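Chemist: Got a structure for you, written out below as structure tokens; questions coming shortly.
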Amino acid sequence: MSSFKRDKKEEEEGGSNPFLNLEKTSVLQETRMFNETPVNARKCTHILTKILYLINQGEQLGSREATECFFAMTKLFQSKDVIMRRMVYLGIKELSPIAEDVIIVTSSLTKDMTGKEDLYRAPAIRALCSITDNTMLQAVERYMKQCIVDRNAPVSSGALVSSLHLANTAGDVVKRWANEAQEALNSDNIMVQYHGLGLLYHIRKADRLAVTKLVNRLTKQNLKSPYAVCFLIRIACKIIEEEDAAGNSNAESPLFDFVESCLRNKSEMVVYEAAHAFVNLKRTNPRELSTAVSILQLFCGSSKATLRFAAVRTMNKVAMLHPPAVNVCNLDLEGLIADSNRSVATLAITTLLKTGAESSVERLMKQIATFVAEISDEFKVVVVQAIRALCSKFPRKHGVMMNFLSGMLREEGGLEYKTSIVDTIILIIEENMEAKESGLSHLCEFIEDCEHTSLAVRILHLLGKEGPYSKAPSRYIRFIYNRVILENATVRAAAVAAIAQFGASCADLLPNVLVLLNRCQMDTDDEVRDRATYYYTILSSGNPELNKQYITENGIVSLPLLEKSLKEYLNGPLTERFDLSVVPKSQTVQPEVTDEVMIMNNAVPKVARITARRPHRKLLQIPGIHRLGALHKSSSPVQLTESETEYTVSCIKHCFGNHIVFQFDCVNTLSDQLLENVRVDLVIPDGFITRAVIPCAKLPYGEKESTYCIVEFPPDLPNSIAAFGATLRFLVKDCDPSTGLPDSDEGYDDEYMLEDIEITVADQIQKSKKQNFNAAWDSADTEEWVEAEDTFELSTVNSLQEAVNTILKFLGLAPANLSEKVPDGAATHTLLCSENRSQIV
Numbered sequence: 015m016s017s018f019k020r021d022k023k024e025e026e027e028g029g030s031n032p033f034l035n036l037e038k039t040s041v042l043q044e045t046r047m048f049n050e051t052p053v054n055a056r057k058c059t060h061i062l063t064k065i066l067y068l069i070n071q072g073e074q075l076g077s078r079e080a081t082e083c084f085f086a087m088t089k090l091f092q093s094k095d096v097i098m099r100r101m102v103y104l105g106i107k108e109l110s111p112i113a114e115d116v117i118i119v120t121s122s123l124t125k126d127m128t129g130k131e132d133l134y135r136a137p138a139i140r141a142l143c144s145i146t147d148n149t150m151l152q153a154v155e156r157y158m159k160q161c162i163v164d165r166n167a168p169v170s171s172g173a174l175v176s177s178l179h180l181a182n183t184a185g186d187v188v189k190r191w192a193n194e195a196q197e198a199l200n201s202d203n204i205m206v207q208y209h210g211l212g213l214l215y216h217i218r219k220a221d222r223l224a225v226t227k228l229v230n231r232l233t234k235q236n237l238k239s240p241y242a243v244c245f246l247i248r249i250a251c252k253i254i255e256e257e258d259a260a261g262n263s264n265a266e267s268p269l270f271d272f273v274e275s276c277l278r279n280k281s282e283m284v285v286y287e288a289a290h291a292f293v294n295l296k297r298t299n300p301r302e303l304s305t306a307v308s309i310l311q312l313f314c315g316s317s318k319a320t321l322r323f324a325a326v327r328t329m330n331k332v333a334m335l336h337p338p339a340v341n342v343c344n345l346d347l348e349g350l351i352a353d354s355n356r357s358v359a360t361l362a363i364t365t366l367l368k369t370g371a372e373s374s375v376e377r378l379m380k381q382i383a384t385f386v387a388e389i390s391d392e393f394k395v396v397v398v399q400a401i402r403a404l405c406s407k408f409p410r411k412h413g414v415m416m417n418f419l420s421g422m423l424r425e426e427g428g429l430e431y432k433t434s435i436v437d438t439i440i441l442i443i444e445e446n447m448e449a450k451e452s453g454l455s456h457l458c459e460f461i462e463d464c465e466h467t468s469l470a471v472r473i474l475h476l477l478g479k480e481g482p483y484s485k486a487p488s489r490y491i492r493f494i495y496n497r498v499i500l501e502n503a504t505v506r507a508a509a510v511a512a513i514a515q516f517g518a519s520c521a522d523l524l525p526n527v528l529v530l531l532n533r534c535q536m537d538t539d540d541e542v543r544d545r546a547t548y549y550y551t552i553l554s555s556g557n558p559e560l561n562k563q564y565i566t567e568n569g570i571v572s573l574p575l576l577e578k579s580l581k582e583y584l585n586g587p588l589t590e591r592f593d594l595s596v597v598p599k600s601q602t603v604q605p606e607v608t609d610e611v612m613i614m615n616n617a618v619p620k621v622a623r624i625t626a627r628r629p630h631r632k633l634l635q636i637p638g639i640h641r642l643g644a645l646h647k648s649s650s651p652v653q654l655t656e657s658e659t660e661y662t663v664s665c666i667k668h669c670f671g672n673h674i675v676f677q678f679d680c681v682n683t684l685s686d687q688l689l690e691n692v693r694v695d696l697v698i699p700d701g702f703i704t705r706a707v708i709p710c711a712k713l714p715y716g717e718k719e720s721t722y723c724i725v726e727f728p729p730d731l732p733n734s735i736a737a738f739g740a741t742l743r744f745l746v747k748d749c750d751p752s753t754g755l756p757d758s759d760e761g762y763d764d765e766y767m768l769e770d771i772e773i774t775v776a777d778q779i780q781k782s783k784k785q786n787f788n789a790a791w792d793s794a795d796t797e798e799w800v801e802a803e804d805t806f807e808l809s810t811v812n813s814l815q816e817a818v819n820t821i822l823k824f825l826g827l828a829p830a831n832l833s834e835k836v837p838d839g840a841a842t843h844t845l846l847c848s849e850n851r852s853q854i855v
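Counting from 1 along the sequence shown, just add 14 to a position and that's the residue number in my numbering.
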């Protein structure tokens, strides 16, 4: 017992890591002790621990080092010490991917695997399976089958889990072990039963009928393992979702009844899994959803922190889609705000933020402030995301939320945490004009002590864009110029660009801006000096056109298209100068995103930007696409087929200045067919001209590929609204469903009728958010724009508000006031949207 004693001084200092300053070279030299006779088990175990620690800390061993260490380790098999032998097995598992000739220990591991010492057998199985390849697996197949049905539970579990890993590399061999896995499924041990179900499902998951039979049989049995029942619930829900997707759903499905019966299971784990499954099933009706939420409500009062955490986390997800269903739990959730587990308290407060009323916002904010400093950055981000959703829901409470967010900005935190707060403040500014001044002020205070260059640059860009149109533009220049004095070169360059925006937009501030830019020309960094000289020269000319072209509306070109254009230019004759104007500007196209989708994703601006970029990546692959000019707008995908048909096709319309590009995303749902030369033929209306059709070479089963059609608009603007007939044409080749390879090189032509495609006014109008609409309208250069005028007849509308909503939807414009609402009792209303004015009488 003396070895376990620690003196008082050591206890006061606290525990320390004895392996903290290990060096790989010295540890590998210590492995020489493995060759001593007799083996010192205690010292060798300590050395093995050091080796495993280094590997798990990310230390890289070379192939030669790992091989020498591995062969030295094999000498330890002569010792019978149980602890050291188990460490040897772990060492073999870790070194087997790096060392060479590891199969030399196969016979020793096989001997331990089939021996009488149960403490050796399970780890020996795991080590053996880590070094066994496909050619040697058949030699130990008989032993693996015996171990799967072994009476010793750890041995059986070890064999089942190892078989599951082997199934990824030697699936054909492991499939022959289905009978043994079925026998393990009948074991009385809960872990053996769970691992047996996992292996059996992995073997049969490619055969949908076999999986269905397995689940139907097991749902009628009484499985003793709660882990196995939870896994069975997940498999059953997957089958239910697949049946619903295929249109074969049955309201009285026995699998659905099984999941419902698990809500009354005696195991809390199973009850939670069933409730979690119900709230995630698409076909769950309100009655079943309320039952599941009631169970989660009971778990909120559990004495176990794990159950409380699981219940609140699930309710948090339910609140994104079905807030009314969680309203009944608000009292229980409020009781969890003071929970000793801060993770539970954070989830409770964020759930309340999604389900609470506007009157409770201030009270909830005060409660958050009491513990927000005690939680990790990960959970702080969750709180910020909940506040972001709340800002869109209750815009009148922007003051309370803005003050709270500014307080969080001043606290310590990482880049991801601070970025989420800045994103939220910017979102509030964009959605609520009343919050603009306070939001910009909070961001100005933040960059005074901002440690993250990327955030400082982003805020400076926002100040340069929005500051000149604020009530007092001069107040922001001081904050921006401080960055020129105090920050690094990257931030200084961004500050110079922001200052120039004020000089170009505010004539009364121009003399002061020129003085500041003149000082910046003495900067130590060449980028800052170049920018200052560039902007100083333009602003000194006093030419508003130059200011507009090179400062206020200086769009950034699309970098991928610029690179592609430069490569094409260099491969050409080089007789003419490169024209930068042919490269499209980089523009973010915002798709239509509903409030519900915004809340579900918890990251509104990020979702919109990512969704918009995906079709654009494919668009850049079209040869010569840059010649069409700048991309004005991309529409949301429009389905041209039913979801249950043999071939599904959706269309995205990309509008350019004089052309429209139809992107057809096609999916082949028939596993026994390979489609080639897939294209869409359009029935072109008068005035339109087809410029190119880019087919899809191959369309395998289950993959999404795209084909394109480039069409030129008619010269007359009103004729650009039209409908196109569409037919999908392709070459069909029969193929093997398992491999996807065609049976022969010959095929036959086929076609599939699609829904008509319409080009509307909304497809051709680009939305633009202007914080100061009147200033933007008055500053618009009318000489560069063509004024279009047309008359439309509204269908039957019951109110002026309905007329406004109909016009916005038809034209695809964004109102200047994002919360456009007609005053009560008004007979006329002027609607300002994008850069057009419409008079409604």
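Heads up, the beta-carbon is just placed ideally off N, CA and C, and yes, glycines get one too.
Values in this document were obtained by computation on a predicted structure and should not be read as measured data.
Would Leu755 count as contacting chain C if we go by Cβ distances under 7 Å?
Modeler: The displayed structure is made up of one protein chain only, and chain C is not part of it.
Chemist: Just to confirm, is the Cβ distance from Phe272 to Thr233 under 7 Å?
Modeler: Going by C-beta atoms, Phe272 is nearer than 7 Å to Thr233.
Chemist: Grab me the residues of Lys296's own chain with a C-beta within less than 8 Å of its C-beta, minus the 5 sequence neighbours each way, in chain order.
Modeler: The answer, listed in chain order, is Glu255 and Asp258.
Chemist: Let me check understanding here. Comparing Cα to Cα, which of Ser176, Ala470 and His673 lies closest to Tyr735?
Modeler: The sequence given here has Ile at residue 735, not Tyr. Among Ser176, Ala470 and His673, the Cα nearest to that of Ile735 belongs to His673.
Chemist: Which whole runs of the alpha helix (DSSP H) in the region 155-180 are 4 residues long or more, in chain order?
Modeler: Counting whole runs of 4 or more residues, the region 155-180 contains the alpha helix (DSSP H) stretches 167-180.
Chemist: According to DSSP, is Cys847 helix, strand or coil?
Modeler: Correct three-state label for Cys847: strand.
Chemist: Please classify Phe702: does DSSP put it in a helix, a strand, or coil?
Modeler: DSSP places Phe702 in coil when its eight states are reduced to three.
Chemist: Hey, Asn502 and Thr538 are a contact pair by Cβ (cut 8 Å); roughly how many whole angstroms apart?
Modeler: Actually they are not in contact, since the Cβ atoms of Asn502 and Thr538 sit about 11 Å apart, beyond 8 Å.
Chemist: Report yes or no: do three or more beta-carbon pairs, one from the region 649-664 and one from the region 699-712, lie closer than 8 Å?
Modeler: Contact between the region 649-664 and the region 699-712 is absent, because fewer than three Cβ pairs lie under 8 Å.
Chemist: Is it right to say Gln1 is buried, meaning 16 or more other beta carbons lie within 10 angstroms of its own, or is it exposed?
Modeler: Look at the range of the chain in this structure, 15 to 855, and you will see that residue 1 is not part of it.
Chemist: Are the CB atoms of Phe393 and Thr360 within a distance shorter than 7 Å?
Modeler: Contact flag set, yes.
Chemist: Excluding sequence positions up to five away, which residues of its chain have a Cβ less than 7 Å from the Cβ of Ile624?
Modeler: Confidence in Ile624 is poor, its pLDDT being 33 and thus under 50, which makes the residue's placement too unreliable to answer from.
Chemist: Assign Ala573 to one of two classes, buried (16 or more other C-beta atoms within 10 Å of its C-beta) or exposed (fewer than that).
Modeler: Looking at the sequence provided, one finds Leu at residue 573 rather than Ala. Answer is exposed; the Cβ neighbour count stays below 16.
Chemist: Put Met536 into one of helix, strand or coil per three-state DSSP.
Modeler: Note: Met536 maps to coil in three-state DSSP.
Chemist: To which residues of the same chain is Glu50 closer than 7 Å at the C-beta, ignoring the five residues directly before and after it?
Modeler: Answer for Glu50: no residue qualifies.
Chemist: With DSSP as the reference, please indicate the residues paired to Phe678 in a beta bridge.
Modeler: Per DSSP, Cys665 and Thr721.
Chemist: What's the C-alpha gap between Leu745 and Asn193?
Modeler: So the two alpha carbons sit approximately 44 Å from each other.
Chemist: Quick check: the Cα distance between Thr721 and Asp679, rounded to an integer number of angstroms?
Modeler: Whole-angstrom Cα-Cα distance: 7 Å.
Chemist: Quick one: residues in its chain with C-beta nearer than 7 Å to the C-beta of Glu726, no 5 flanking neighbours on either side, listed in chain order?
Modeler: Closer than 7 Å at Cβ, skipping near neighbours: Asn672, His673, Phe702, Ile703 and Arg705.
Chemist: Buried or exposed: where does Met767 fall if 16 or more other Cβ atoms within 10 Å of its Cβ makes it buried?
Modeler: By the neighbour-count rule (16 or more Cβ atoms within 10 Å), Met767 is not buried but exposed.
Chemist: For Phe592, which of helix, strand or coil comes out of DSSP?
Modeler: Phe592 falls in the coil class under three-state DSSP.
Chemist: Using 8 Å for Cβ pairs, my map puts Ala181 next to Met205. What's the rounded Cβ distance?
Modeler: Between Met205 and Ala181 the Cβ distance is about 19 Å, and since that is not below 8 Å, they are no contact.
Chemist: Three Cβ pairs or more, each shorter than 8 Å: is that satisfied between the region 640-647 and the region 758-767?
Modeler: Touching, no.
Chemist: How far does the alpha helix (DSSP H) with Asp221 in it reach, from first residue to last?
Modeler: Note, Asp221: premise wrong, no alpha helix (DSSP H); not H, not E.
Chemist: Between which two residues does the beta strand (DSSP E) holding Met47 run?
Modeler: From DSSP, Met47 is part of no beta strand (DSSP E); its letter is neither H nor E.
Chemist: Relative to the C-alpha of Ile773, which residue among Pro714, Pro699, Thr753 and Pro751 is closest?
Modeler: The residue with the shortest Cα to Cα distance from Ile773 is Pro699.
Chemist: Which same chain residues end up closer than 8 Å to Gln152 when comparing Cβ atoms and leaving out the 5 residues on each side of it in sequence?
Modeler: Within the same chain, Gln152 has close Cβ partners Val187.
Chemist: Who are Thr81's beta bridge partners in DSSP?
Modeler: Paired residues: none, contrary to the question.
Chemist: Gln687 bridges to which residues according to DSSP?
Modeler: DSSP, once it has assigned bridges, lists Asp748 as partnering Gln687.
Chemist: Exposed or buried, which one is Asp609 when buried takes at least 16 other CB atoms within 10 Å?
Modeler: Per-residue confidence for Asp609 stands at a pLDDT of 36, beneath the threshold of 50, marking its modelled position as unreliable; the derived number appears in the next sentence. By the 10 Å Cβ count, Asp609 comes out exposed.
Chemist: Let me know the beta strand (DSSP E) ranges lying completely inside the region 427-451, each 3 residues or longer, listed in chain order.
Modeler: The region 427-451 contains no whole beta strand (DSSP E) run of 3 or more residues.
Chemist: Less than 7 Å between the C-beta atoms of Ser170 and Ala138, yes or no?
Modeler: For Ser170 and Ala138, no; Cβs fall outside 7 Å.
Chemist: Applying the 10 Å Cβ sphere with the 16-neighbour rule, what's the burial state of Thr844?
Modeler: Exposed is the call here.
Chemist: Please state whether DSSP places Cys58 in a helix, a strand or coil.
Modeler: Residue state, collapsed to three classes: helix.
Chemist: Under three-state DSSP, which class holds Pro619?
Modeler: Only weak support is given to the placement of Pro619: the predicted model assigns it a pLDDT of 36, under 50, and the value that follows is read from those uncertain coordinates. Three-state DSSP puts Pro619 in a helix.
Chemist: Classify Ser110 as helix, strand or coil using the three-state DSSP reduction.
Modeler: Residue state, collapsed to three classes: coil.
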